[in-house]
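In the numbering used here, the protein residues as written are 1112 to 1359. Accompanying notes for the structure given below.
Below is the structure:
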């Protein structure tokens, strides 16, 4: 009897499966085929992407070697050509190297434009921050202090690896306009950061030394009125009692 029930149950399952297959079989086949195609497409895309990265890496290294043997103008053209064909991080790195070569060739305007393009790329923030620093370095002699602050503001957060360099450029810009208190403040912020390179900290001390003669010394403002009063009193004493009476 148990076997009979089992056979009936199996027949019912087969009948249910047959009905499901008749109603939804094509959809199941389509779904399964879609999953296979998606998986195949993803695997194919990943293989293509990896191949592209390897190809770009190889080409970048080759262009670097060629640029080392070329004149700055030729090196800039090589990196510019690579940047036009590349994408992502390699495009930005090529733009940066193009700008470096243009700056070495003396074309500051073209170098600045290349750095500015790199700041607008989709590269990681550390790469775009480098481009922003290099662009600001070109502009520090001609841009206003307010303009420099606006340009470098994104790098002044505590987490930015370029914060020290941004503070140094701001201190230089402030010194150019005679804002000595800001020179001192920006330099001190560099000195207070234990993670900045020794060379950067040494330059910050130099900036503070340049600013020091232009800053009020502690107690000077309080001492000035006292000194003026002493001079006035001495003048009255020298004029004698009559002068004191007239003054009173």
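Cβ coordinates follow ideal geometry from the N, Cα and C atoms, glycine included.
Here residue 1265 carries a helix assignment [DSSP, helix/strand/coil].
Between the C-alpha atoms of residue 1308 and residue 1317 there is a straight-line separation of about 15 Å. Scanning its chain for C-beta atoms nearer than 7 Å, with the 5 sequence neighbours on each side dropped, one finds around residue 1187 the residues 1209, 1212, 1213, 1216, in chain order. For residue 1177, the three-state secondary structure derived from DSSP is helix. Counting C-beta atoms within 10 angstroms of its own C-beta, residue 1264 has fewer than 16 neighbours from the protein chains shown and is therefore classed as exposed. With fewer than three CB-CB distances shorter than 8 Å, the stretch 1265 to 1276 does not count as touching the stretch 1289 to 1297. Burial is judged here by how many other beta carbons sit within 10 angstroms of a residue's own beta carbon; residue 1231 has fewer than 16 and is exposed.
Scanning the stretch 1170 to 1251 from its first residue to its last, the whole alpha helix (DSSP H) runs of 4-plus residues come out as 1183 to 1196, 1199 to 1215, 1219 to 1230, 1236 to 1250.
The Cβ-Cβ distance between residue 1207 and residue 1220 does not fall below 9 Å.
In the displayed model, residue 1293 falls within a helix according to three-state DSSP. For residue 1279, the enclosing alpha helix (DSSP H) stretches over residues 1274 to 1287.
Within its own chain, the residues whose Cβ lies closer than 8 Å to the Cβ of residue 1248, once the five positions on either side in sequence are excluded, are 1280, listed in chain order.
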